[in-house]
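Structure, as structure tokens:
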Amino acid sequence: MTPIRLVKGFATVGGWTLASRVLGFMRDAWIAAVLGTGPAAQAFIVAFSLPNMFRRFFAEGAFNTAFVPMFSKKFEAGEDAEGFARDSLSGLATVVIALTLVAQLAMPWLVLAMASGFAGDERFDLAVTYGRIAFPYILFISLA
């Protein structure tokens, strides 16, 4: 890789990472402005952290670590890389949909596992409701 391509690659990845961090900060500032620091904000933070835990595994973790090298190997060998990608994404979608359905049913227990202090509190019901709304986002972020 030539030094110019390396610098361009670094600038591209660095620029998008910086943009992501700035937008994340703006999102957090907006959430704080809208929800404040009360029970609704606490419930939202717990509810949003549930799909984010799974996102790290499915969208950023083991799946990508396994998929990219295998796809590259099939692509370079002239094998059916597109079919492999289609089958992989179909399998991932199936697993994530099943996980989402189970999480919807188990949301009260997931909230208790994440925030046992919410038991018997108004935050518990809010967190369960928010969790059921937020959890399906894992499907879209995992397949993106």
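Numbering (this note's numbering), first residue to last: 9 to 152. Backbone N, C-alpha and C define an ideal beta-carbon position, used for all residues, glycine too. Keep in mind that this is a model prediction, so the values were computed, not measured.
Does DSSP put residue i in a helix, in a strand, or in coil?
| i | result |
| --- | --- |
| E68 | coil |
| E84 | helix |
| A111 | helix |
| D129 | coil |
| T5 | What is shown of the chain runs 9 to 152, which leaves residue 5 out entirely. |
| T25 | helix |
| T10 | coil |
| F92 | helix |
| F148 | helix |
Using only the alpha-carbon positions, how far apart do residue i and residue j sit?
| i | j | result |
| --- | --- | --- |
| A142 | P59 | 7 Å |
| T55 | R140 | Before going on, a small fix: residue 55 reads as Ala here, not Thr. Those two C-alpha atoms are separated by around 8 Å. |
| G86 | T73 | 21 Å |
| E68 | A89 | 20 Å |
| D95 | T108 | 20 Å |
| A70 | T102 | 16 Å |
| A41 | R13 | 42 Å |
| F75 | S98 | 13 Å |
| V110 | F83 | 35 Å |
| E130 | G44 | 16 Å |
| D36 | L113 | 28 Å |
| I53 | L31 | 17 Å |
| F79 | G17 | 21 Å |
| P77 | W38 | 38 Å |
| L120 | D133 | 11 Å |
For my contact list, residue i and residue j are in at a C-beta cut-off of 8 Å; report their separation, rounded to the angstrom.
| i | j | result |
| --- | --- | --- |
| A51 | A127 | That belief does not hold up - the Cβ atoms of A51 and A127 are roughly 13 Å apart, past 8 Å. |
| S150 | L100 | 6 Å |
| I146 | F92 | About 23 Å separates the two Cβ atoms, so there is no contact after all. |
Nearest CA to the CA of residue i: which residue from the options?
| i | options | result |
| --- | --- | --- |
| T137 | L118, T20 and A41 | L118 |
| I105 | R29, A40 and R63 | R63 |
| A123 | P47, I149 and M78 | P47 |
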